[in-house]
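Sequence positions in the sequence shown follow mature numbering (1 follows the signal peptide of the UniProt record, and there is no 0) and run -24 to -1, 1 to 555.
Here's the structure, in structure tokens; my notes come after.
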Amino acid sequence: MAQSWAFFLLLVLCFCFVSDLICSSNGERVFLYPQSQKVSSIVSQRYRTAYHFQPPKNWINDPNGPMYYNGIYHEFYQYNPNGSVWGNIVWGHSVSTDLINWIPLETAIERDTPSDINGCWTGSATILPGNRLVIIYTGADPEKRQVQNIVVPKNLSDPYLREWTKAGNNPVIQPVGPGLNSGQFRDPTTGWIGPDGLWRIAVGAELNGDSAALLYKSKDFLNWTRVDHSLYSSNSSSMWECPDFFAVLPGNNGGLDLSAAIPNGAKHVLKMSLDSCDKYMIGVYDLKSDIFIPDTVLDDRRLWSRIDYGNFYASKSFFDSKKGRRIIWGWTNETDSSSDDVAKGWAGIHAIPRTIWLDSHGKQLLQWPVEEVESLRGNEINHQGLELKKGGLFEIKGADSFQADVEIDFELTSIDNADPFDPSWLLDVEKHCREAGASVSGGIGPFGLVVLASDNMEEHTAVHFRVYKSEHKYMILMCSDLRSSSLRPGLYTPAYGGFFEYDLEKEKKISLRTLIDRSAVESFGGGGRVCIMARVYPVAVVDGSAHMYAFNNGSATVRVPQLRAWSMRRAQVNVKGME
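Okay, here's the thing in structure tokens:
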């Protein structure tokens, strides 16, 4: 039964917020801690995740060339073999049969030719007719120009594809042409075949000061010609990193293979990485004109849709022919200091691979953790028929609070008390999440989940919802508030947030799923309409004591018809000696 701890919850959340930070004269947050406060070292194996992807040591960033080939999943990644800060980048390589347990292999692509001597950067894999495989990636040459290179497997009889051979004509694409910035020309996409039978790829670039996905054609994937127009360009920014281009069917959670015929009614997605996050547009790929036409063009890129509203960047998707789905991976960096990362000896993880598809209205991408992650679930905790009045706080006991998978359905008893929606909030959702935190009562919400909470609640991360009424629809705010996530000084602890539309006239349940993995908190709201990946470093993780709660601090009562939580077993992720 939920206990009504309104006064306690409000006092604790407000006290932690006020005492942990003040604002300086220039408006920046300055964290203050009692001088006597002793905080354990951040150099602890307890912060290494138990089931998210990361190498045994050193720096990792972008996922590269993910694919399913001959029964094996391959995950390549940007990797510094010499340390835990960015630099000396090569392609790391791991393989799996289930996307969860990974075998570490030798480095796949090294910096050993003139066309990649200063870095082997992001790229993509394409499976050609006849089950032939090719990877195209960006290299930095001696002049620091960014050029595109090809590698192919050295031995196709090796199921793990350990060794790769570089094409003799590398670089196959160079940054030539008027207006093209040779230092902003990178991250080629997976290839697709046009109606003329020629292969196409897009490369992120700065062209005449604008951002562009440049279009290239090839008959054999080795010799490329630039098309006289971009796949798409925008004057709203100067460079797009890590573009991704793929087809989706509205309301169909199956994936589409770009190398096959695209069915009628399909939409296309153009994803790009900028502003420290991944954004996307949905539209139509005009085969005749060979261009991408967005359904909606928003001049203010702050309003563009996002893949994830938290710590998630440089994502890459692929078609999984094994299960007929599209899967997307993203990189999540550390939010401590570089000196902390050097001391720890590692930095960076990848988010849990997600199935990604288009909603039935054709307006929004939905994402959900791949079903394979459920194989790690241990004992299940199940509660039904809970009721959370204002200030209600229900502790979720019996599951490992450091490694857990939690699914909660929240049911609204009334939608009449929803506060009015202000469209200006969309321009800075994080600011609104800071102002409308878990301690600020509203008409409907905040309600949600508190995770990695210390015994006295000085440390906690709150993932919560608020319901607003717009003129013709309801808008749901989802926040992942890290401001009280740790007593450690010097951490980046924002209040992430995103909005999604919801038809509360038809369905009054709002779902939340959160994967907790020591220093990772990965949340999916409204069936995957908003996803928020976060990194936290609570002292409680090192001290070995933490709690989870469902809570409601809104004026309206919220029911919880179903709450399920599982302890998560440790996956075998790049454990030495597995190969």
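Yeah, the Cβ is synthetic: ideal placement off N, Cα and C, and Gly gets one too.
All values derive from a computational prediction rather than experimental measurement.
For residue i and residue j, I'd like the C-alpha separation in whole angstroms.
{"i": "residue 556", "j": "GLY324", "result": "Nothing in the structure corresponds to residue 556, since the chain is present only between -24 and 555."}
{"i": "LEU191", "j": "TRP216", "result": "14 Å"}
{"i": "LYS33", "j": "PHE288", "result": "20 Å"}
{"i": "PHE500", "j": "GLU119", "result": "43 Å"}
{"i": "PHE386", "j": "HIS50", "result": "37 Å"}
{"i": "PRO470", "j": "ARG459", "result": "6 Å"}
{"i": "ILE283", "j": "SER252", "result": "12 Å"}
{"i": "PHE268", "j": "PHE222", "result": "11 Å"}
{"i": "ILE420", "j": "ALA532", "result": "5 Å"}
{"i": "ILE101", "j": "THR166", "result": "Note that residue 101 corresponds to Ala in the displayed sequence, not to Ile. When rounded, the distance between both Cα atoms is 6 Å."}
{"i": "SER70", "j": "TRP78", "result": "6 Å"}
{"i": "LYS366", "j": "ALA290", "result": "40 Å"}
{"i": "HIS448", "j": "PHE29", "result": "42 Å"}
{"i": "ARG546", "j": "TYR27", "result": "6 Å"}
{"i": "residue 640", "j": "ALA429", "result": "The structure shown does not extend to residue 640, since the chain is modelled only from -24 to 555, so the question has no answer here."}
{"i": "ASP519", "j": "GLN21", "result": "12 Å"}
{"i": "GLY374", "j": "SER351", "result": "19 Å"}
{"i": "VAL416", "j": "GLY368", "result": "14 Å"}
{"i": "residue 559", "j": "LEU539", "result": "Coverage of the chain is limited to positions -24 through 555, which leaves residue 559 absent and any answer about it impossible."}
{"i": "TRP322", "j": "VAL15", "result": "20 Å"}
{"i": "ASN199", "j": "VAL349", "result": "40 Å"}
{"i": "SER390", "j": "LYS484", "result": "9 Å"}
In three-state terms, what does DSSP make of residue i?
{"i": "SER531", "result": "coil"}
{"i": "VAL549", "result": "strand"}
{"i": "SER462", "result": "coil"}
{"i": "residue 597", "result": "This structure cannot speak to residue 597, because the chain is shown only from -24 to 555."}
{"i": "LYS407", "result": "helix"}
{"i": "ARG22", "result": "helix"}
{"i": "PRO270", "result": "strand"}
{"i": "PRO320", "result": "A small correction: the amino acid at residue 320 is Lys; Pro does not occupy that position in the sequence shown. Note: LYS320 maps to helix in three-state DSSP."}
{"i": "ARG494", "result": "coil"}
{"i": "VAL416", "result": "coil"}
{"i": "SER91", "result": "helix"}
{"i": "ASP233", "result": "coil"}
{"i": "SER42", "result": "Note that residue 42 corresponds to Pro in the displayed sequence, not to Ser. Three-state result, PRO42: strand."}
{"i": "LEU402", "result": "helix"}
{"i": "ASP519", "result": "helix"}
{"i": "ARG301", "result": "strand"}
Between the options, which has its C-alpha nearest residue i's C-alpha?
{"i": "LYS243", "options": "GLY227, GLU182, LEU458", "result": "GLY227"}
{"i": "TRP344", "options": "LEU232, ARG494, GLY503", "result": "GLY503"}
{"i": "ILE304", "options": "LYS320, ILE332, SER313, ARG277", "result": "ILE332"}
{"i": "ILE65", "options": "VAL405, PHE52, ASP74, SER72", "result": "PHE52"}
{"i": "SER206", "options": "ASN199, PHE197, ASN184, LYS552", "result": "ASN184"}
{"i": "SER315", "options": "TYR450, TYR525, LEU467", "result": "LEU467"}
{"i": "TRP62", "options": "ALA84, LEU75, ASN37, ILE48", "result": "ASN37"}
{"i": "PRO129", "options": "TYR513, GLU356, ARG138, GLN122", "result": "ARG138"}
{"i": "GLN54", "options": "SER60, ASN46, PRO39, ALA510", "result": "PRO39"}
{"i": "LEU232", "options": "ASP381, TRP168, VAL518, LYS264", "result": "TRP168"}
{"i": "PRO171", "options": "ILE85, LYS193, ARG24", "result": "LYS193"}
{"i": "GLY354", "options": "SER495, MET544, GLN160, GLU310", "result": "MET544"}
{"i": "ARG442", "options": "LEU425, HIS436, ASN432", "result": "LEU425"}
{"i": "GLY173", "options": "GLY68, ASN125, PRO105", "result": "PRO105"}
{"i": "ARG505", "options": "GLU483, ARG511, GLU477, ASP266", "result": "GLU477"}
{"i": "PRO537", "options": "GLU383, VAL549, PRO270", "result": "GLU383"}
{"i": "LEU109", "options": "THR311, GLN160, TYR23, ASN46", "result": "ASN46"}
{"i": "ALA496", "options": "THR308, ALA526, ASP392", "result": "THR308"}
{"i": "ASN94", "options": "ASP74, VAL123, SER281", "result": "VAL123"}
Would you call residue i buried or exposed, if buried means 16 or more other Cβ atoms sit within 10 Å of its Cβ?
{"i": "GLU434", "result": "buried"}
{"i": "ILE149", "result": "buried"}
{"i": "LEU274", "result": "exposed"}
{"i": "SER(-1)", "result": "Below a pLDDT of 50, predicted positions are generally treated as unreliable, and SER(-1), at 32, falls in that range; the measurement from the model is reported next regardless. Label assigned to SER(-1): exposed."}
{"i": "ALA189", "result": "buried"}
{"i": "SER17", "result": "exposed"}
{"i": "ASP220", "result": "buried"}
{"i": "LEU132", "result": "exposed"}
{"i": "LYS292", "result": "buried"}
{"i": "ASN146", "result": "buried"}
Provide the residue(s) that pair with residue i in DSSP beta bridges, ordered along the chain.
{"i": "ALA375", "result": "Beta-bridge pairing links ALA375 to no other residue."}
{"i": "ALA178", "result": "LEU191"}
{"i": "GLN538", "result": "GLN360, ASP385"}
{"i": "GLN150", "result": "Answer by DSSP bridge pairing: none, since GLN150 is not bridged."}
{"i": "ASP220", "result": "LYS247"}
{"i": "MET544", "result": "ARG353"}
{"i": "ILE258", "result": "VAL245"}
{"i": "ASP186", "result": "LEU183"}
{"i": "MET451", "result": "TYR444, GLU477"}
{"i": "TRP307", "result": "TYR289, HIS326"}
{"i": "VAL128", "result": "THR141"}
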